[in-house]
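Report on one structure; see the data block that follows.
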Amino acid sequence: MMRTIEVFLVIIIITGAFIIASFYAVLPIPRRVSPMNLKRLALTTLEVLDADYNLSATVFKPGDDQSWVRLQVALSALLPPNIVYNLTAYDVQSGSEGTIYVPYKSISNAESLGIQSEATSYMVASSNVTFRVIPEKIGERSDGGGTLYILNCSDARGWWITGYTAHSLAEDLYKLLSPYFVKTVMVQNTADFGKILNGTSLQGETLQNAVVINTFGEAVPIPAGYYASVNVGRDSNGLYSMYCYTLGQRVRQYNWTWVSIVGYPLYYVSNTGLFPDNHNTWGIYGMRSVESAGFNAFLRGLNGMSYTYDNTWITKSLSDPVYLSSEALYYCDYYGIYPAPYQTATRALPSWITSTYNLRVTTYIFNPSGGWLAGAVFRHGVSGAFLALGLTRTPDIRLTALGLLSDYKPRLFRSEFNAAGTSRLVVLQLGQVGGT
Amino acid sequence: MAGSTIDHMIAMTVFIGALLIFISLFNQTIQTAVLYQRNRAVATKCSDLLDNMLLNPGIPANWSRMESLQLEGFGLQDPEFTQYRLSPFSLMRLQSSIGEPVYYRGTNQWYSNTTMGFGDFLLVSSAKALNYSYVAKLLGINNTYGFQLSISPIVMVSIRETHAGNPLTLTISVTGKGFPLSNSVVSYCFFTVVEKGDQSSPSYNVKFGTVYTDNTGVAVLNFEDVGATKSYALIVYAHLSGLVGVGYHQRVSADKRYVIPLVESFEDKRVILAHSYDVHYFGPPESAVFFNATFVLLSEDFTLREMPMENSTGKIGKVNYGKGEKFEYANITIPTYNPGILVVTYQSNNEYGVILMPWGISAMAFPVVFGEDPSGKEWVATDIRQVLVGNVAYQVKLALWSLEGYGVMG
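Protein chains in written order, with the working numbering: chain A, 31 to 466; chain B, 727 to 1136.
As structure tokens, this is what we get:
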């Protein structure tokens, strides 16, 4: 008998457990099993209302304006009859303790939104607000400079800029970079280029500390006359690597930053008037090949060394792609320039040139690859610098712009988005009524 | 001793019985909870799938304008916009689930049918429209989920003829999902067919104008000098605070012999006009139908604008009823990729009429229903979004259910 009583006690205990469990483990109402996504519905409703900026216009109007009535009619027409809503516009004010949201106007079709509601916020800007970004000019913070020379010589030819012309590249570079410089000068012919090499400014710009971008790829324009003469433009053997040496000297003299946008720097010299019958061995007339001796001579000139003819090939073709450095990726976002993050480098420079020619790398555009630098800014210990992109053709001038901006780091001054009176926050809260 | 054994036996029997009852009771609760979780997973999938369809244009992005329908990804977003803006042409290329497909012997093809009644045609070659099973495969849900996608305009514009002629009075009623659109702006375009006699294509007169709805969302239009037998078509766009709706209405005197537009090529923007008897496969030879076509689009200031078509587009011509294996149809080239309405006035045996066809689903706010019928399914989760299709406000509803019974875990 005892056993039976015990069993009944157990049954009572389990029954109690079941009742208690059933009491607390309440299953949700069917609506919660398959809820309507009210948040998304609210967001898409606001987007539809603002499709032609009607919502943006209305929320900046006085609270008694007729457009609020029209907005309410449109809102009521948009939503299914079983949806109740509350739309509130907040004035966004910037105070000393941060941003404050002050309720401005509210419209609703019910006293309460039921036991469960969802809300979505939507920031709108006044139509009379303009958002401006003012870039800092390169050279404003340091001593002088701030000039950008873009070589756009009509009497020179380019190489490895396949698909573009030097002129089109120059125009694109102008658009990309001119806002960041005090003065941008398009060097329209080799004679003008000769003038700035001689230290004569073309438009009253500051020559010292300028940036010179060579848009001719592996070729470089050479002025006729003085710069084509013996021991300035060509050596006693008639080789134009001497001109590249002189360029290196000028870069050092004026503390320029020389920019090579693609391929092997200074591999050819070009002047259609000077070399009408010479071609670069690939059928492009108006240029002569100086081969790798050109860049070696440039480095010697930059480093203040004496001229010697050295035609040693110093670049390497890398088998794997090269990737933008973390620094370059950061500045992609900062300046809004987005080239492809990995590239093919067939003319990467060796890192040993830094020790040989007293250089230091101030900006890595691409991550170094086993002692080879596919894109970097090299600054000389005394004066002068150069940016070399040892990529294969065709050039992406966004990389040039990115490299320069990453090195000079001009700041961008943006106007405040949530400045007082220019922005309003609209919150649409939705609830469901009726049914379960 | 025997008493103790009996006590044990009774106790054991009662205990086992009670245990089985409790296991069954607890099991029922657990089953319900598991079912709840699974149904909730279907609901979550429904919301995700809907966003997936609406927030990407598909691969390739401009598939709605391409001749080939070899897609790598399905999406309905307008590739020229972001957010919930759908392409009016992508929606045109979904095979309708509600309209009976139409067979036309002239091209030996079936046409997906989204027609909204006599004179308001939308027939798209089935070979150029996506079918349900292909889309399910592209979405990666074939054999796991079934769905129906419904896209319906939010603003309903209905037009009723309240006086047949001299003056012709038309009452326009504009309502939203839950409310009439009071004080909305209604811009209209009114076509009347100019009768030119037998054996010639009719011409047309067009009037444009703007009126406002009253507090009940109703506007009235009166047209003097329009007789009770005159054929006409009225197209209206109503808009208020960003909400845009479309309505249309026509009256014809020729409802047996008319032209039927069939969308043949999206890449070439080519529509063919077939004799109605060839499509409906009626018996004896019938008279030719003469037609005159034009194109109307909604400009950015919400007014309607006629976009005249060149003669080279085939805007004027005639189609004969096919005899034997010979079928005659006319080709028309739509002049633009902007959504608009093809308006074709026609005449046959001195009977006249107007037919309309949207170029881009939004131009006439046609609804689209795509997919399987959800009625009778075990558990159907639904979700809705408000979207814009070519500036016209639509509501998109997705109904989703599991095809794997209770085994689906999301």
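Even glycine gets a Cβ: it sits at the ideal position worked out from N, Cα and C.
Beta-carbon proximity list for residue i, same chain, < 6 Å, skipping 5 on both sides
| i | result |
| --- | --- |
| T150 of chain A | K69, A72, L73 and L458 |
| S259 of chain A | none |
| R444 of chain A | V163 |
| G316 of chain A | R187, S300, T302 and F305 |
| D846 of chain B | L1082 |
| G935 of chain B | Y914 |
| V1095 of chain B | S823, I824 and S876 |
| N765 of chain B | W1105 |
Residue range of the unbroken alpha helix (DSSP H) whose run includes residue i
| i | result |
| --- | --- |
| A880 of chain B | For the record, residue 880 of chain B in the displayed sequence is Ile; it is not Ala. Element bounds for I880 of chain B: n/a, residue is neither H nor E. |
| R1111 of chain B | Not the alpha helix (DSSP H): R1111 of chain B falls in the beta strand (DSSP E), residues V1106 to V1115. |
| P165 of chain A | That residue, P165 of chain A, is in no alpha helix (DSSP H); its beta strand (DSSP E) goes V163 to P165. |
| V122 of chain A | Looking at the DSSP string, V122 of chain A is not in any alpha helix (DSSP H); the run it does join, the beta strand (DSSP E), is I113 to G125. |
| C274 of chain A | S271 to Y284 |
| K1123 of chain B | Segment V1118 to S1128 is the beta strand (DSSP E) holding K1123 of chain B; no alpha helix (DSSP H) there. |
| Y256 of chain A | That residue, Y256 of chain A, is in no alpha helix (DSSP H); it is neither H nor E in DSSP. |
| F48 of chain A | M32 to Y54 |
Segment limits, beta strand (DSSP E) that includes residue i
| i | result |
| --- | --- |
| K933 of chain B | S929 to Y938 |
| P251 of chain A | A249 to P251 |
| K1044 of chain B | I1042 to V1045 |
| A1000 of chain B | R996 to H1001 |
| E1026 of chain B | From DSSP, E1026 of chain B is part of no beta strand (DSSP E); its letter is neither H nor E. |
| E148 of chain A | S147 to A155 |
| A1056 of chain B | Y1055 to T1059 |
| W836 of chain B | Q835 to N839 |
| Y830 of chain B | V828 to Y830 |
| Y297 of chain A | Run containing Y297 of chain A: none; DSSP gives neither H nor E here. |
| V457 of chain A | S453 to Q462 |
| G313 of chain A | It is not in any beta strand (DSSP E) - G313 of chain A carries neither H nor E in the DSSP assignment. |
Residues near residue i in its chain [Cβ-Cβ closer than 8 Å; skip 5 each side]
| i | result |
| --- | --- |
| E1098 of chain B | S823, Y858, G872, F873 and Q874 |
| S266 of chain A | V260 |
| L1030 of chain B | S913, Y914, C915, F934, I961, Y963, V1022, L1023 and L1024 |
Bridge-paired residues (DSSP) for residue i
| i | result |
| --- | --- |
| K213 of chain A | A:T177 |
| Q796 of chain B | Q796 of chain B is not bridged to any residue. |
| A767 of chain B | Bridge partners of A767 of chain B: none, in fact. |
| G128 of chain A | A:G125 |
| F844 of chain B | DSSP output for F844 of chain B lists no bridge partner at all. |
| C915 of chain B | B:F934 and B:I961 |
| P893 of chain B | P893 of chain B is not bridged to any residue. |
| K135 of chain A | A:A119 |
| F443 of chain A | A:I164 |
| F1096 of chain B | B:L875 |
| V289 of chain A | A:I243 and A:L417 |
| L1082 of chain B | B:D846 and B:V1069 |
| I986 of chain B | B:A1000 |
| N948 of chain B | B:T895 |
| W189 of chain A | A:G247 |
| T748 of chain B | Inspection of the sequence shows that residue 748 of chain B is occupied by Phe rather than by Thr. None, per the DSSP bridge assignment. |
| A1019 of chain B | B:V1070 |
Same chain, Cβ closer than 7 Å to residue i, neighbours up to 5 away in sequence not counted
| i | result |
| --- | --- |
| D202 of chain A | I427 |
| M1035 of chain B | A1019, T1020, F1021, K1041 and P1061 |
| L348 of chain A | A375, A378, S399, W402 and A404 |
| R454 of chain A | V89, F90, A119, Y120, D121, V122, Y134 and V154 |
| S884 of chain B | S899 and G973 |
| S184 of chain A | Q218 and N219 |
| L39 of chain A | none |
| L109 of chain A | T75 and Y115 |
| A358 of chain A | I395, L432 and S436 |
Suppose only complete runs of 3+ residues qualify. What are the beta strand (DSSP E) ranges in the segment 347-429 of chain A, listed by chain order? 389-394, 405-410 and 415-419
Chain A contacts made by the segment 889-903 of chain B, where a contact means CB separation under 9 Å: V900, T901, G902 and K903
Identify each residue in the segment 943-955 of chain B for which the Cβ-Cβ distance to at least one residue of chain A is less than 7 Å, and report them in chain order. none
Proximal residues, the segment 33-48 of chain A versus chain B, C-beta separation under 9 Å: R33, T34, I35, E36, V37, F38, V40, I41, I44, T45, A47 and F48
Using a Cβ-Cβ cut-off of less than 9 Å, give me the residues of the segment 1081-1112 of chain B that come near chain A, in sequence order. W1105, V1106, A1107, T1108, D1109, I1110, R1111 and Q1112
Identify each residue in the segment 974-987 of chain B for which the Cβ-Cβ distance to at least one residue of chain A is less than 8 Å, and report them in chain order. none
If the cut-off is 7 Å on Cβ atoms, which residues from the segment 768-790 of chain B count as contacting chain A, listed in chain order? A769 and S773
Against chain A, which members of the segment 1114-1125 of chain B pass a CB distance test of less than 7 Å? L1114, N1117 and A1119
Short of 7 Å Cβ to Cβ, which residues in the segment 64-84 of chain A face chain B? S64, P65, M66, N67, R70, L71, T74, T75, E77, V78, L79, D80, A81, D82 and N84
Beta carbons nearer than 8 Å to chain A: which residues of the segment 854-887 of chain B have them? I880 and V881
Counting only Cβ-Cβ distances shorter than 7 Å, please list the residues of the segment 92-115 of chain A near chain B, keeping chain order. R100, L101, V103, A104, S106, A107, L108, L109, P110 and P111
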